[in-house]
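Colleague:
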Amino acid sequence: MKCRGIHYNVEVVGVGEPLVCLHGFTGDNSTWDAILPYLSPTMQVIKVDLIGHGKTDVPESPQRYSMIEVLQDIKIILDHLELATVNILGYSMGGRVALAFALNYPQSVKTLLLESASPGLETWEERRNRQRQDDALAQKILNEGIVSFINFWETLSLFSGLQNLSRIEKGKLREQRLRNNPIGLANSLKAMGTGVQESYWERLSELINNVELIVGEQDKKFVMIANKMKQRLPRCVIHSVSDASHTIHVEQPEKFGTIVNGALITT
1 MKCRGIHYNV
11 EVVGVGEPLV
21 CLHGFTGDNS
31 TWDAILPYLS
41 PTMQVIKVDL
51 IGHGKTDVPE
61 SPQRYSMIEV
71 LQDIKIILDH
81 LELATVNILG
91 YSMGGRVALA
101 FALNYPQSVK
111 TLLLESASPG
121 LETWEERRNR
131 QRQDDALAQK
141 ILNEGIVSFI
151 NFWETLSLFS
161 GLQNLSRIEK
171 GKLREQRLRN
181 NPIGLANSLK
191 AMGTGVQESY
201 WERLSELINN
211 VELIVGEQDK
221 KFVMIANKMK
231 QRLPRCVIHS
241 VSDASHTIHV
251 EQPEKFGTIV
261 NGALITT
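The sequence shown begins at 1 in the UniProt record's numbering and counts up by one.
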């Protein structure tokens, strides 16, 4: 699908209540395949490869990866699919995109589901420091290549829960990550990373949508963030999943699918 000169890979599964799914950094739309067997058959799942990831184009210019550019692309995708309103699910980086989309296009979103996601960093100093880290990591990807970076990425404590996957599942996840283009990942960090993103903390009260926050009990940082977000969101429910860390939809797909079904059935 073409969006302002960029080819986006979008896969649509099923017919019914629309659910747009946005993956995280280093992911692609195949990450959601684990939960498909557990979702209601009355649901239409729209899986998007975000810019620079999966089979979507990898522009050379970092500016094309900025949040405002990506939000416009998503709106064009929904218009092309003739979807006036959707439910939107985002994981980690995709969650930040989903939140930004709901704030910028509130009339297009029914229920917002955020998995292990945050509204960004509150202070300028935090954002400045994180931007320096993101820029350094982007340069590391370009200098050392995708294999070296993924070797490093897999060791982060954030993904400790993935160690409980089977050898085959871990192998598939690694293969998917290695298919990424270094330029796409580097540009995503530079232009869509947490450091460069504006803080949405002060705008959370604007969200009149139902907001479902999904966190893994072992992911203490994002449990804390979710609890803080709930204090500012008018209509919010937190789902804390046992035996899960950051990547809940991969670690506990059945529990995750049950949460999604429950959230959309009751709206």
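Just so you know, even glycine gets a beta-carbon here, dropped at the ideal spot from N, CA and C.
Would you call the CB atoms of GLY195 and ARG130 closer than 8 Å?
Modeller: Their beta carbons are under 8 Å apart, which means GLY195 touches ARG130 by this criterion.
Colleague: Taking the straight line between their C-alpha atoms, what separation do you get for GLN197 and ALA191?
Modeller: Between GLN197 and ALA191, the C-alpha separation is close to 8 Å.
Colleague: Where does TRP32 land, buried or exposed, given buried means 16+ other C-beta within 10 angstroms?
Modeller: By the 10 Å Cβ count, TRP32 comes out buried.
Colleague: Have a look at GLY184 and ASN87 and give me their C-alpha separation to the nearest angstrom.
Modeller: If you take the alpha carbons of GLY184 and ASN87, they lie about 27 Å apart.
Colleague: Between GLY5 and GLN107, what straight-line distance do the alpha-carbon atoms span, to the nearest angstrom?
Modeller: Straight-line Cα distance between these residues: approximately 26 Å.
Colleague: If you check the beta carbons only, do LEU99 and LEU114 fall under 8 Å apart?
Modeller: Yes, the pair counts as a contact, with Cβ atoms nearer than the cut-off.
Colleague: In terms of residues, what are the limits of the alpha helix (DSSP H) holding SER148?
Modeller: SER148 -> alpha helix (DSSP H) spans 146-153.
Colleague: Around the C-beta of GLY24, are 16 or more other C-beta atoms found within 10 angstroms, so that it is buried, or is it exposed?
Modeller: GLY24 is buried by the Cβ-count criterion.
Colleague: Return helix, strand or coil for GLY95, following the three-state DSSP convention.
Modeller: Here GLY95 sits in helix by DSSP.
Colleague: Hey, could you find the ends of the alpha helix (DSSP H) MET229 is sitting in?
Modeller: Per DSSP, MET229 belongs to the alpha helix (DSSP H) from 220-230.
Colleague: Suppose you measure from the CA of ASN187 to the CA of GLN133; what does that come to, to the nearest Å?
Modeller: For ASN187 and GLN133, the distance between alpha carbons rounds to 14 Å.
Colleague: Going along the chain, which unbroken runs of the beta strand (DSSP E) with 3 or more residues stay wholly within the segment 23-76?
Modeller: As far as the segment 23-76 is concerned, its whole beta strand (DSSP E) runs of at least 3 residues are 43-48.
Colleague: CB THR56 to CB TYR105, shorter than 8 Å?
Modeller: The answer is no: Cβ separation not under 8 Å.
Colleague: Tell me where the alpha helix (DSSP H) around THR111 begins and ends.
Modeller: Element bounds for THR111: not the alpha helix (DSSP H) but the beta strand (DSSP E), 109-115.
Colleague: DSSP state of GLY184, grouped into three classes?
Modeller: Looking at GLY184 - three-state DSSP - the assignment turns out to be helix.
Colleague: Which stretch, first to last residue, makes up the beta strand (DSSP E) that contains GLU212?
Modeller: Element bounds for GLU212: 210-216.
Colleague: Whole angstroms are fine: how far does the CA of ARG167 sit from the CA of ARG96?
Modeller: So the two alpha carbons sit approximately 30 Å from each other.
Colleague: Measuring CB to CB, does SER245 end up less than 8 Å from GLU251?
Modeller: Yes, the pair counts as a contact, with Cβ atoms nearer than the cut-off.
Colleague: Given this structure, state the Cα-to-Cα distance separating ARG64 from GLU126, to the nearest angstrom.
Modeller: Whole-angstrom Cα-Cα distance: 24 Å.
Colleague: Looking at the secondary structure, which residues open and close the alpha helix (DSSP H) in which HIS249 lies?
Modeller: Its alpha helix (DSSP H) spans residues 248-251.
Colleague: What separation, rounded to the nearest whole angstrom, lies between the Cα atoms of GLU60 and ILE68?
Modeller: Using only the alpha carbons, I get a separation of about 17 Å.
Colleague: Examine the Cβ distances between the segment 205-214 and the segment 135-150 and report whether three or more of them are shorter than 8 Å.
Modeller: No, the segment 205-214 does not touch the segment 135-150.
Colleague: Name, in chain order, the residues that DSSP records as bridge partners for HIS7.
Modeller: Note: HIS7 sits in a beta bridge opposite LYS2.
Colleague: Let me make sure I understand the geometry here. Which of MET229, SER116, ALA263 and ILE248 has the alpha-carbon closest to that of GLU122?
Modeller: Closest by alpha carbon: MET229.
Colleague: Within this structure, are the beta carbons of residue 276 and LEU22 separated by less than 8 Å?
Modeller: The chain is shown only over 1 to 267; residue 276 falls outside these bounds and no answer can be derived.
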